[in-house]
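Encoded as structure tokens, the structure appears first; notes follow it.
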Amino acid sequence: MKKFVSFAFALTVSAVSSLSLAQDVKGDANAGEKKIAMCIGCHGITGYQASFPEVYKVPKISGQSEKYITTVLNAYKKGERKHPTMRGIADSLSDQDMADISAYYANHGKVAGAELPAKATEPNAKVAALLTKGACASCHGENFAKPIDPSYPKIAGQHADYLFVALKSYKVEGTATWGRSNGVMGGVAKQFSNAELKELANYVASQQGDLKTVPQSKFR
Numbered sequence: 056m057k058k059f060v061s062f063a064f065a066l067t068v069s070a071v072s073s074l075s076l077a078q079d080v081k082g083d084a085n086a087g088e089k090k091i092a093m094c095i096g097c098h099g100i101t102g103y104q105a106s107f108p109e110v111y112k113v114p115k116i117s118g119q120s121e122k123y124i125t126t127v128l129n130a131y132k133k134g135e136r137k138h139p140t141m142r143g144i145a146d147s148l149s150d151q152d153m154a155d156i157s158a159y160y161a162n163h164g165k166v167a168g169a170e171l172p173a174k175a176t177e178p179n180a181k182v183a184a185l186l187t188k189g190a191c192a193s194c195h196g197e198n199f200a201k202p203i204d205p206s207y208p209k210i211a212g213q214h215a216d217y218l219f220v221a222l223k224s225y226k227v228e229g230t231a232t233w234g235r236s237n238g239v240m241g242g243v244a245k246q247f248s249n250a251e252l253k254e255l256a257n258y259v260a261s262q263q264g265d266l267k268t269v270p271q272s273k274f275r
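Rendered as structure tokens:
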């Protein structure tokens, strides 16, 4: 129990610093719709794949938590996440831009009245042991779509290959162009082999969630 409390507290502390600059900025979804031209080219194409540092589908961001999107954009801007394209985009955004874009995507593709299961489906024994070891549900929620804090991501139904690459990125240190600096997620990911991370990613991706890729055209 003490280990879980320490883990959850550490996650909360890490999120506070990422949100401190932007937490007072109110996002406007209507304004955000006018600022997403640089997002649509990847996140608005179903099945679109990135090719660095390996080929994988770009993440679904429609329906993601507003605070999490803002947290991520700030992490790229500060260099805590190092993907060159995303860092370049984040560097061009003000706190207001980030808040507006986040508000837009948090509501994008939502279906009124849609409900998610309270719990994820029962995993096999091996995956269950991995989930327990990583304490995944303690932060991302029992259905992996309702995290305990909105600055943490919804991950249910996210692309498996993206989740796998994201988890591996927390194990990468000392590179200028790739990897993610997060002490808590780094500690979690480094407990597992890449094969185990892939099993976790495949299981989480199979769960029902809010995340979508909504086809969008930049020629509107």
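Each residue of the sequence shown is one higher than the one before, counting from 56 in the numbering used here. All C-beta atoms, glycine included, are put in the ideal place defined by N, C-alpha and C. These numbers come from a predicted model, not from an experiment.
Straight through space, the alpha carbons of Q262 and T176 are spaced by roughly 7 Å. The continuous alpha helix (DSSP H) containing C194 extends over residues 192-195. Within the region 143-216, the complete alpha helix (DSSP H) runs of at least 4 residues fall at 150-162, 180-189, 192-195. Here E251 is actually not in contact with L186; their C-beta atoms are around 11 Å apart, not less than 8 Å.
Under the DSSP definition of a beta bridge, Y111 partners with A105. When secondary structure is reduced to three states using DSSP, S117 falls in the strand class. DSSP places K122 in the helix class (H, G or I) of the three-state scheme. Annotation for N249: the continuous alpha helix (DSSP H) segment containing it runs 249-260. By a beta-carbon distance limit of 8 Å, H138 contacts W233. Their separation comes to about 7 Å. Taking the Cβ atoms as the reference, D155 lies roughly 24 Å from A200, outside the contact range of under 8 Å. Of all C-beta pairs linking the region 201-209 to the region 253-262, fewer than three are shorter than 8 Å, placing the two stretches out of contact. Our two residues, S120 and S248, have alpha carbons roughly 29 Å apart in a direct line. Beta-bridge pairing by DSSP links K267 to S117.
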